[in-house]
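J.: For reference, the structure I am asking about is given below.
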Amino acid sequence: MKPSVLFIDDEVPILDAYRRMLRDHRGIWDMHFISCPLEALEFLKREPVSAVVTDVCMPRIGGLELLRQIRGDARLADLPVVVVTGDSDRTLKRQALDLEATDLLAKPVDQEILRVRIRNALRLYFNSQELQRERDLLERRVRERTRELDLSRQEIIWRLAKASEYRDEETGNHVVRVACYSRAVAKALGQSDSFVDQIFLAAPLHDLGKIGIPDAVLLKPGKLDENEWRIMKRHCEMGASILSDSSRLRQAAGVFFGTSDPNVWIPIQTPLMVMATSIALAHHEKWNGTGYPFGKKGDEIPLEARIVAIADVYDALRSRRPYKDPFPEEVALDILEQGAGEHFDPEVVNAFLSCYREIQSVERELSDSAQTLLPETRRDELIIR
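Residues 196 to 580 (our numbering) are what the sequence shown spells out, left to right.
Written as structure tokens, this is what we have:
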């Protein structure tokens, strides 16, 4: 496809002069000559053009206003524009350059200089187009790579969740239901799409710290004594440590890689991992400050932990355990409502109740008689990417 050059001047004899000067370039460039600036603007919006040569002094709309409109149109903003001015029009020249004119031509226009300036403008245009193509390609590759990293990170999270499941097989699909309940509540609260997606992925790790709890405590069928309960409560800090502590890796980086900046070897804490850490640490805190591990209360407790707290308790109430039968729906909901303002954030309780149909649907589909953890296809349906 040949480069296309548009010439704009209200004086037809000048356009005819351009034709004569460039007649030997007709096989190289597609040239268009328009005497009305407004028609030229419409032409630019309708037809592909590689460069513009325009006079500055024209009726109705001058060359500077034409240039201003070109630069203000996202589709034309990078189009090379050569402005033709009188040799003594210093003010107009400065104004044209302020409006990002590509080049200036002084009247009377010299034939050879005109050709050179147009060639330079076209070279600039095609270099710019090539750079844009390379930029688009690079951005696409970055998006693809980011997507791969996101998928890898999500898969690691699901594997970690499954690892915590294996430590307590009696909980069945508990971590998956908690993830789905938390997602539904976050949506009901009007949280952003990114928050909703992240809490769905982070919530399954809420009890990851139980990996570090001895079997004698974690799997004890009866009531825990005071010392055992103290050990069990440590799972919050253990989970947060697993998800965030990199101190040993930092030390190893300094020793084995000899770097003065061990951060080079440490993965960046992504928003997803920050949220997962927050949930693991604070999902047993209570709205009135009587929870653990730190006795935080009210808005001191991160929203994501407040959401997972109610999802976790509801699922525990509705699940069968070696030491209890599942509570009926109405009893479980009554416990949640009574806990509003004490155990739970009242606003989160209201959001839970407002999306209860979705909660029921998840509960039916992911009962403990279903396959442990989500099948790949169903998991992909639930993750908004």
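Note that the Cβ used here is the ideal one computed from N, Cα and C, for glycine as well.
1) Is the CB-CB distance between Asn406 and Ser473 below 7 Å?
2) Rounded to whole angstroms, what's the CA-CA distance from Leu236 to Leu346? Just pull it up for me.
3) Drop a sphere of 10 angstroms on the beta-carbon of Ala272, count the other beta-carbons inside from all chains shown, and report buried for 16 or more, exposed for fewer.
4) Compute the Euclidean distance between the alpha carbons of Gln275 and Gly493, then round it to the nearest angstrom.
5) Ser389 to Tyr509, Cα distance in whole Å?
6) Looking at the secondary structure, which residues open and close the beta strand (DSSP E) in which Val277 lies?
7) Can you give the Cα-Cα distance for Ile502 and Gln327, rounded to whole angstroms?
8) Do you know how far the Cα of Gln264 is from the Cα of Ile394?
9) Within 10 angstroms of its Cβ, does Gln386 collect 16 or more other Cβ (buried), or is it exposed?
10) Out of curiosity, what's the CA-to-CA distance linking Leu201 and Leu317?
11) Using a Cβ-Cβ cut-off of 8 Å (strictly less than) and excluding sequence neighbours within five positions of Ala291, which residues of its own chain qualify?
12) Figure out for me which residue from Leu414, Lys415, Ser514, Trp482 has the closest Cα to the Cα of Val543.
13) Under 7 Å, do Ala471 and Ala411 count as touching if we go by C-beta distance?
14) Should Arg215 be labelled buried (16 or more other beta-carbon atoms within 10 Å of its own) or exposed?
15) Contact check, Asp205 vs Pro254 under 8 Å by CB: the rounded distance?
16) Out of Ser439, Val380, Asp268, Leu561, state which residue places its alpha-carbon closest to the alpha-carbon of Ala546.
17) Candidates Ala475, Asn422, Cys231, Ile256: which alpha carbon is nearest Glu432's?
18) By DSSP, does Leu201 sit in helix, in strand, or in coil?
19) Which value, in whole angstroms, describes the spacing of the CA atoms of Pro466 and Cys375?
20) Check this for me: beta carbons of Arg378 and Val391, under 7 Å apart or not?
21) Consult DSSP for Ala301 and reduce its assignment to one of helix, strand or coil.
22) How far does the beta strand (DSSP E) with His227 in it reach, from first residue to last?
23) Within a Cβ cutoff of 8 Å, which residues of the same chain sit near Lys415, ignoring the five residues on either side of it in sequence?
24) Do Leu403 and Leu355 have their C-beta atoms within less than 7 Å of each other?
25) Return the Cβ separation of Ala506 and Val373 in integer angstroms, given the expectation that the two are a contact with Cβ distance under 8 Å.
26) On the DSSP letters alone, give me the boundaries of the alpha helix (DSSP H) that Val508 sits inside.
27) How is Ile209 classed by DSSP in three states: helix, strand or coil?
28) Considering only C-alpha positions, which residue in the set Ile408, Ile313, Gly534, Arg289 is nearest to Leu217?
29) Do you know how far the Cα of Pro409 is from the Cα of Leu531?
30) Could you tell me the distance, in whole angstroms, from the CA atom of Ile352 to the CA atom of Glu525?
31) Between Ala504, Ile437, Pro488, Leu210, which has its C-alpha nearest Val304's C-alpha?
32) Bridge partners of Thr249, per DSSP?
33) Closer than 8 Å by C-beta to Tyr487: which residues in its own chain qualify, once you throw out the five before and the five after it? Chain order, please.
T.: Well, looking at it:
1) Residue mapping note: residue 406 aligns to position 211 of the sequence shown, counting from 1. Residue mapping note: residue 473 aligns to position 278 of the sequence shown, counting from 1. Asn is not the amino acid found at residue 406; the sequence shown has Ile there. No, they are not a contact pair.
2) For the purposes of this step, residue 236 is identified with residue 41 of the sequence shown, where counting begins at 1. For the purposes of this step, residue 346 is identified with residue 151 of the sequence shown, where counting begins at 1. Their backbone Cα atoms lie some 47 Å apart in a straight line.
3) Here residue 272 corresponds to residue number 77 of the sequence shown, with the count starting at 1. Exposed, by the Cβ-count rule.
4) Here residue 275 refers to the residue found at position 80 when the sequence shown is read from its first residue. Here residue 493 refers to the residue found at position 298 when the sequence shown is read from its first residue. First, the residue type needs correcting, since residue 275 is Pro and not Gln in the sequence shown. When rounded, the distance between both Cα atoms is 59 Å.
5) Within the sequence shown, residue 389 is the residue found at index 194, counting from 1. Within the sequence shown, residue 509 is the residue found at index 314, counting from 1. Approximately 24 Å between the Cα atoms of the pair.
6) Taking the sequence shown and counting its residues from 1, one reaches residue 277 at position 82. 276-281 is the span of the beta strand (DSSP E), which, as asked, contains Val277.
7) The residue labelled residue 502 in the question sits at position 307 within the sequence shown. The residue labelled residue 327 in the question sits at position 132 within the sequence shown. In a straight line, the C-alpha of Ile502 is about 44 Å away from that of Gln327.
8) Numbered from its first residue, the sequence shown carries residue 394 at position 199. Numbered from its first residue, the sequence shown carries residue 264 at position 69. Rounded to the nearest angstrom, the two C-alpha atoms are 46 Å apart.
9) Counted from its first residue, the sequence shown places residue 386 at position 191. By the neighbour-count rule (16 or more Cβ atoms within 10 Å), Gln386 is buried.
10) The residue labelled residue 201 in the question sits at position 6 within the sequence shown. The residue labelled residue 317 in the question sits at position 122 within the sequence shown. C-alpha separation (whole angstroms): 12 Å.
11) For the purposes of this step, residue 291 is taken as the residue at position 96 of the sequence shown. Within the same chain, Ala291 has close Cβ partners Val251, Gly258, Leu259, Leu262, Val278, Thr280, Leu299.
12) For this step, residue 543 is matched to residue 348 along the sequence shown. For Val543, the nearest C-alpha among the options comes from Trp482.
13) Looking up residue 471 in the sequence shown gives position 276. Looking up residue 411 in the sequence shown gives position 216. Cβ distance not < 7 Å, so Ala471 and Ala411 don't count as in contact.
14) Taking the first residue of the sequence shown as position 1, residue 215 is located at position 20. Arg215 comes out exposed.
15) By one-based count along the sequence shown, residue 205 stands at place 10. By one-based count along the sequence shown, residue 254 stands at place 59. Indeed they touch by this definition, with Cβ atoms about 6 Å apart.
16) One-based indexing of the sequence shown puts residue 546 at position 351. Out of Ser439, Val380, Asp268, Leu561, Val380 has the C-alpha closest to the C-alpha of Ala546.
17) On the sequence shown, position 237 is the one that residue 432 refers to. The option with the nearest alpha carbon to Glu432 is Ala475.
18) Indexing the sequence shown from 1 puts residue 201 at position 6. Looking at Leu201 - three-state DSSP - the assignment turns out to be strand.
19) Taking the first residue of the sequence shown as 1, we reach residue 466 at position 271. Taking the first residue of the sequence shown as 1, we reach residue 375 at position 180. Whole-angstrom Cα-Cα distance: 19 Å.
20) Looking up residue 378 in the sequence shown gives position 183. Looking up residue 391 in the sequence shown gives position 196. Taking 7 Å as the Cβ cut-off, Arg378 and Val391 qualify as a contacting pair.
21) In the sequence shown, residue 301 corresponds to position 106, counting from 1. Residue state, collapsed to three classes: strand.
22) Residue 227 sits at position 32 when you count from the first residue of the sequence shown. Unbroken beta strand (DSSP E) run through His227: 225-229.
23) As a first step, residue 415 is located in the sequence shown; it is residue number 220 there, counting from the start. Excluding residues within five positions, the ones whose Cβ falls inside 8 Å are Glu423.
24) Against the sequence shown, residue 403 aligns to sequence position 208. Against the sequence shown, residue 355 aligns to sequence position 160. Contact: yes.
25) Within the sequence shown, residue 506 is the residue found at index 311, counting from 1. Within the sequence shown, residue 373 is the residue found at index 178, counting from 1. The pair is a contact, with the Cβ atoms about 5 Å apart (cut-off 8 Å).
26) Within the sequence shown, the letter at position 313 stands for residue 508. First-last of the alpha helix (DSSP H) with Val508: 498-513.
27) The residue you call residue 209 lines up with position 14 of the sequence shown. Ile209: helix per DSSP, three-state reduction.
28) Taking the first residue of the sequence shown as 1, we reach residue 217 at position 22. With distances taken between Cα atoms, Leu217 lies closest to Ile313.
29) Indexing the sequence shown from 1 puts residue 531 at position 336. Indexing the sequence shown from 1 puts residue 409 at position 214. Those two C-alpha atoms are separated by around 30 Å.
30) Indexing the sequence shown from 1 puts residue 352 at position 157. Indexing the sequence shown from 1 puts residue 525 at position 330. Ile352 and Glu525: Cα-Cα distance of roughly 33 Å.
31) As a working mapping, residue 304 is identified with position 109 in the sequence shown. Of the candidates Ala504, Ile437, Pro488, Leu210, the one whose C-alpha sits nearest the C-alpha of Val304 is Leu210.
32) Start at 1 with the first residue of the sequence shown, and residue 249 comes out as number 54. According to DSSP, which records beta bridges pairwise, Thr249 is partnered with Ile203, Val278.
33) The residue given as residue 487 occupies position 292 in the sequence shown. Excluding residues within five positions, the ones whose Cβ falls inside 8 Å are Lys428, Cys431, His479, Glu480.
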